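Protein chains in written order, with our numbering: chain A, 1 to 361; chain B, 1001 to 1136.
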């Protein structure tokens, strides 16, 4: 899938909360031995939101950083999309708050805004919609965010990875872009590997069924179809970013497709901050843009449970160098950290409640 | 209704100040204020225009809150600071992402947007500016 007008990334930005808990401490909370129980997922520690943080506040700071690099007036943004599965309101879009906070669409707020949902690929889905709007000439700039404060049930395997963070991208015409999105396609099937029902606090998943028929099948199908359409092979790419539910899967799927670990590791951030769900692949892409040389070719394939994958062929331009230092980089946020113990974690994630708490959320 | 103990219209009216740090400047005496008022508190002029205030500043004074008003119980202890922005405008705000024992007078801070008050499980989430130590 290619638009009639080429579209690219004009600016990128990320945000990761400063709070961290180690996998070892999470295992200790449940009397498990970390080395035997959780070391295999290759996530050393994960981020968690502070008491006053949620998907909106994460989306906001990532967007401010993206706008610093895009160097455009927010009034020119005519589409604001937030991909997330941890919306602050079940009904009231996060995008509406973001439009107002950034001043998108000018004083009259003439912009579209919506939240996207497709488990962990909601953000990349919003990128595809924006490519349609910009590529068709309906609008010139869009702001897309993938952000989450992911939920892992107490004591569940997901508790070791479900984390908080996000990335934002200002998309626009390719002539102003730091990276051009040359092509993109998607693969979607009904594969119930992970879901959360209405009114439930925590998602349900199908353990090892989330691997082969879900993650691996969809990413590999989308990646292969895109490479065939563009006429590339793994050797043509300098970087590959795959959805990062843990530290192990992206390397394994890359290996099966023919990508060496040195092409995957620059964008592999989950081992340090956990899985930011809708932010996962997009934080990885940001980490690559933080360091990629002009001319680099990037393959990004997201994965959303349920299930589907969005694949992107991206080429970095000369402009990347001049805007790179205008906002904090992924590693600046990764390295800004304060550790909490399990009891503080339980309080921050609102797993335990105060007797007289009038602000419960 | 319990969900609405926080006034929704009041929050909505204050959105320009709370989200974007939009204040007022007196066109006669130059005094800057946040939130914007119709009448300049310094000279009484009614010529007050809207201005966007800088996002950076420094802590002038601060206090650690242990006995909070209703709605802030879960966040204690937290710090309320008198912040002087780069252009000299003063405002009071919560500090965040900081250990209360590490706060100092003169500390450089920057604006972030965070949840300030939440009306229970079913009510409004009021986002507003807070300040945190300047990111390197």
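Just so you know, even glycine gets a beta-carbon here, dropped at the ideal spot from N, CA and C. None of these values were measured; they are calculated from a predicted model.
Please tell me whether residue i has its Cβ less than 7 Å away from any Cβ of chain A.
{"i": "residue 1052 of chain B", "result": "no"}
{"i": "residue 1075 of chain B", "result": "yes"}
{"i": "residue 1101 of chain B", "result": "no"}
{"i": "residue 1129 of chain B", "result": "no"}
{"i": "residue 1125 of chain B", "result": "yes"}
{"i": "residue 1001 of chain B", "result": "With a pLDDT of only 40 at residue 1001 of chain B, under the threshold of 50, the placement of this residue in the model should not be trusted; the figure read from the coordinates follows. False, the Cβ-Cβ gap to chain A never drops below 7 Å."}
{"i": "residue 1028 of chain B", "result": "no"}
{"i": "residue 1096 of chain B", "result": "yes"}
Output, in chain order, the set of chain A residues within a Cβ distance shorter than 8 Å of residue i.
{"i": "residue 1092 of chain B", "result": "Ordered by position in chain A, no residue passes the 8 Å Cβ test against residue 1092 of chain B, which lies about 16 Å from the chain."}
Using 10 angstroms around the beta-carbon of residue i, count the other beta-carbons present and answer buried if the total reaches 16, otherwise exposed.
{"i": "residue 69 of chain A", "result": "buried"}
{"i": "residue 364 of chain A", "result": "This structure gives no information on residue 364 of chain A, because the portion of chain A shown stretches from 1 to 361."}
{"i": "residue 310 of chain A", "result": "buried"}
{"i": "residue 354 of chain A", "result": "exposed"}
{"i": "residue 10 of chain A", "result": "buried"}
{"i": "residue 1108 of chain B", "result": "exposed"}
{"i": "residue 352 of chain A", "result": "exposed"}
{"i": "residue 1127 of chain B", "result": "buried"}
{"i": "residue 339 of chain A", "result": "exposed"}
{"i": "residue 209 of chain A", "result": "exposed"}
{"i": "residue 1077 of chain B", "result": "exposed"}
{"i": "residue 255 of chain A", "result": "exposed"}
Name, please, each residue of chain A whose Cβ falls closer than 7 Å to the Cβ of residue i.
{"i": "residue 1015 of chain B", "result": "100"}
Going along chain A in order, which residues have a C-beta closer than 9 Å to the C-beta of residue i?
{"i": "residue 1083 of chain B", "result": "The premise fails here: residue 1083 of chain B is roughly 17 Å from chain A at the closest Cβ pair, so nothing lies under 9 Å."}
{"i": "residue 1115 of chain B", "result": "51, 52, 53, 54, 56, 57, 88, 359, 361"}
{"i": "residue 1135 of chain B", "result": "328, 332, 333, 336"}
Can you name the residues of chain B whose CB is closer than 9 Å to the CB of residue i?
{"i": "residue 61 of chain A", "result": "1112, 1113"}
{"i": "residue 354 of chain A", "result": "1073, 1074"}
Note down, in chain order, every chain B residue with its Cβ under 8 Å from the Cβ of residue i.
{"i": "residue 103 of chain A", "result": "1020"}
Within 7 Å (strictly less), CB to CB, does residue i reach chain B?
{"i": "residue 328 of chain A", "result": "yes"}
Could you name the residues of chain B that residue i contacts, counting a contact when the two beta carbons are closer than 7 Å?
{"i": "residue 438 of chain A", "result": "Any property of residue 438 of chain A remains undetermined from this structure, which presents chain A solely from 1 to 361."}
How many whole angstroms separate the CB atoms of residue i and residue j, which I take to be in contact at a CB cut-off of 8 Å?
{"i": "residue 1015 of chain B", "j": "residue 53 of chain A", "result": "No, residue 1015 of chain B and residue 53 of chain A are not in contact; Cβ-Cβ is about 19 Å, not under 8 Å."}
{"i": "residue 78 of chain A", "j": "residue 139 of chain A", "result": "4 Å"}
{"i": "residue 1085 of chain B", "j": "residue 1114 of chain B", "result": "Residue 1085 of chain B to residue 1114 of chain B, Cβ: 18 Å. No contact."}
{"i": "residue 116 of chain A", "j": "residue 81 of chain A", "result": "6 Å"}
{"i": "residue 98 of chain A", "j": "residue 63 of chain A", "result": "6 Å"}
{"i": "residue 288 of chain A", "j": "residue 241 of chain A", "result": "6 Å"}
{"i": "residue 1106 of chain B", "j": "residue 1058 of chain B", "result": "6 Å"}
Residues within the segment 47-59 of chain A neighbouring chain B, beta-carbon criterion of under 8 Å | Going along the segment 47-59 of chain A in chain order, one finds 50, 51, 52, 53, 54, 56, 57 with a Cβ nearer than 8 Å to chain B.
Please name the residues in the segment 264-292 of chain A whose beta-carbon is closer than 8 Å to at least one beta-carbon of chain B, in chain order.
-> Under the 8 Å Cβ criterion, the segment 264-292 of chain A contributes no residue.
For the segment 1031-1060 of chain B, enumerate the residues whose C-beta is nearer than 8 Å to any C-beta of chain A, in chain order.
-> When C-beta distances to chain A are compared with 8 Å, every residue of the segment 1031-1060 of chain B stays at or above that value.
In the segment 213-234 of chain A, which residues sit with their C-beta less than 9 Å from some C-beta in chain B, listed in chain order?
-> The segment 213-234 of chain A vs chain B, Cβ under 9 Å: nothing.
What residues in the segment 9-26 of chain A bring their beta carbon closer than 7 Å to a beta carbon of chain B?
-> Residues of the segment 9-26 of chain A with a C-beta less than 7 Å from any C-beta of chain B: 18, listed in chain order.
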